[in-house]
Every structure is written in structure tokens, then in C-alpha cells.
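Reminder that position 85 of the sequence shown reads as 120 in the numbering used here, one-by-one numbering, no gaps.
Each residue gets a CB set at the ideal place from its N, CA and C atoms; glycine is no exception.
The structure appears right after this line, and notes come after that.
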Amino acid sequence: MSEKIADDEWEWYIGKIFARLIEKVHNGKLETVVEIAPGYRYKIAYALKEFNFKGTIYVVDTNIDVLDYIKEKYKEFLPQSNIICVNKTFENCFEDIPNEFDLLLSNHSIDDMIIAEYMEKTYTNNLGNDNFKNILSNAWLNLGKDKNMISEITNHVYSSFKKFFNEKKIETIIMSQYKSNLYFKDKFTEMDEITENCFNKIKQLIQMDNENINKILKFYPFGEDDERYNGRYLLDNTQNAKNWIVGKTEI
Ligand SMILES: C[S@@+](CC[C@H](N)C(=O)[O-])C[C@H]1O[C@@H](n2cnc3c(N)ncnc32)[C@H](O)[C@@H]1O
36 MSEKIADDEW EWYIGKIFAR LIEKVHNGKL ETVVEIAPGY RYKIAYALKE
86 FNFKGTIYVV DTNIDVLDYI KEKYKEFLPQ SNIICVNKTF ENCFEDIPNE
136 FDLLLSNHSI DDMIIAEYME KTYTNNLGND NFKNILSNAW LNLGKDKNMI
186 SEITNHVYSS FKKFFNEKKI ETIIMSQYKS NLYFKDKFTE MDEITENCFN
236 KIKQLIQMDN ENINKILKFY PFGEDDERYN GRYLLDNTQN AKNWIVGKTE
286 I
């Protein structure tokens, strides 16, 4: 399936989780939001729709076609919002983003930031193509064999977040990095192992109450009898604090 086609139910579901975290943890004004690396997805739009968002959202992505898509899609969900697209890498976007803002949101972007840096132009040139998943899987298998490159790239991604958190005053940060479907297939673990290490380092920059977040995440958007909850697939993965960064930066 093309990278451009989203599973709408999944977009809605992850959007529900973001909305719940925004409601229970952020609790403040919702005027200026920054989102990093949405891809051809709209989970954050689903989340902000629950608050009838009328503020400004800065969306940062290196791919211009993604941003064209986002501009249109987010306008459908958030007709009264102001959508500002920033076509830069995260590490180069700082001057385009306000120094103070209410919410930083990003869903499942750390893996893409790592592999995009490794693949350089091959990533953005192929994103949206039908064979993108194969190209991506091969790149992860190759990166998985190169310990020096793994540490160089993950340190670089971590440092970009550290610098961003030092320079910006952000009321609440909410980022996810749950296990991907690829992780559960064919014992393909390179992507999630490398990503998890990087995500956990970034997480240490944030004051986070994991126990409270787990309480907040214990809810059932699909209904309590959904088999994914019985198998604990969702409660151990998308709805588990270990796969989220939620809070403020360490002072
Ligand atoms: C597949 S999407 C991420 C997942 C998506 N947010 C979701 O909810 O499923 C990855 C996006 O990250 C963008 N990207 C990769 N590295 C980036 C970077 N360093 N800065 C900004 N965007 C980046 C890519 O262009 C792509 O659109």
C-alpha cells in the first residue's frame, strides 16, 4: 500500500490518545502548536479537532509534497486554524518557530528522523512511492550493521532535541514512539531497537510522571471488549507511558 494512504481508524485512534493527553496534562491555552514530521498523516489534526482548535500550528517536514498535503488536509479538520508549513529539517527549523509556544506534538517521528538522515536524499525522493516500505526496510537492515553510524546519527538527533528544548520555552511536550507494525513482522527488530535507545535518551530531557501517564492512557477508545485490549496489544504499546514523552523540559 502507498505511504500516502492512511488507515483512517488508526489516525482517529492515535488522535484520541493525543487529545486525552492534551486535556489531562496540558490543561493550558492552546494558541500556538508545533508539530514535527507528520508525513502523509493527520492524527494531530484529529486530536486538535476535539478542541475546535483556532490557533496557529507550525508544521515542520522536510518533504514539500507532504506539506502540500498537510495544508489541505488540516484545513478540512481545523477550518479556523492558521497552518504554517516549514519545509526544513527539524534541526534547521528553529528560527522559523516562535521562542515560546504551548504544545510540541509529534507522532512516531524519531525512527523517520534517524533513517532519513542515514538515507539522505533517497528518503525524501522515495517517500510516497509504492516501494518505499521495501527501500526503508533495507536501509534499516544496513544501518543495523553499522554501529558507528547508529551512534553518530542517534547522537545527532538527540542533540537537536536537546538544543531545541534549551532554546524554546514550551508549555507541554507530547511525543510518541510506539512499536511499529514492522517490529512484529518477521523478527525485524533493527528499527525499533535503534529508535527506542534514541527516544529514551530524549525522554530523559523531560520531567515525566510515568505512573500518572499510564493512568491517563488506560482508556478504551475502541470499546473495552476490543480484542486488541484483551491481547494487551494496545495497552502494552500505544497506550503505555514507556512509549510516550509527556511533560515539560527539565529546568
Ligand atoms: C512517516 S512520517 C512519520 C510518522 C507520522 N507522523 C505518523 O503519524 O504516522 C515521517 C516524516 O518525517 C519527515 N522527516 C524525516 N526526517 C525529518 C527531519 N529531520 N525533520 C523534519 N521532517 C523529517 C519525512 O519527510 C516524513 O514526511
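Among the options, which residue has its Cα nearest to the Cα of residue i?
i, options, result
"N201", "N127, E262, E285 and E231", "E285"
"L269", "T67, W45, F125 and N62", "W45"
"S141", "N127, G90, N245 and I57", "I57"
"N127", "M148, A174 and F136", "M148"
"N278", "Y93, N265 and I248", "I248"
"I185", "M226, K204 and F112", "M226"
"K238", "A151, K250, I209 and F53", "I209"
"I241", "K253, A151, N275 and K283", "K283"
"Y48", "E66, A80 and V192", "A80"
"K204", "E135, N169, Y109 and H61", "E135"
"G74", "A151, L113 and F86", "A151"
"T207", "K89, M154 and K59", "K59"
"I92", "D100, F257, K110 and D260", "K110"
"M275", "Y213, I170 and T124", "In the sequence under discussion, the amino acid at residue 275 is Asn, which differs from the Met named in the question. Residue Y213 is the option with its Cα nearest to N275."
"F125", "K64, N245, V94 and A82", "V94"
"I52", "F254, I99, E187 and I119", "F254"
"Y193", "N183, N235, F167 and F257", "N235"
When DSSP labels each residue in this structure, what does residue i get in the three-state scheme?
i, result
"E135", "strand"
"S141", "strand"
"T273", "coil"
"S215", "coil"
"I40", "coil"
"R76", "coil"
"C128", "coil"
"F30", "The chain is shown only over 36 to 286; residue 30 falls outside these bounds and no answer can be derived."
What residues match up with residue i in a beta bridge as DSSP calls it?
i, result
"T284", "I241"
"K204", "E135"
"T91", "T67 and N117"
"W47", "Per DSSP, none; premise fails for W47."
"W175", "For W175, which the question treats as bridged, DSSP gives no partner whatsoever."
"M226", "Partner(s): none; M226 has no beta bridge."
"I209", "L140 and V281"
How close, in whole Å, do the beta carbons of residue i and residue j come, if the pair is a contact with beta carbons under 8 Å?
i, j, result
"S37", "H143", "Actually they are not in contact, since the Cβ atoms of S37 and H143 sit about 18 Å apart, beyond 8 Å."
"T189", "N232", "6 Å"
"N117", "L102", "Wrong, their Cβ atoms sit about 15 Å apart, outside the cutoff."
"V69", "L139", "5 Å"
"T224", "D146", "With 8 Å as the limit, T224 and D146 do not qualify as a contact, their Cβ atoms being about 12 Å apart."
"A41", "Y77", "7 Å"
"K89", "Q115", "4 Å"
"D137", "T67", "5 Å"
"Y158", "L178", "At roughly 12 Å, the Cβ-Cβ gap does not stay under 8 Å, so Y158 and L178 are not in contact."
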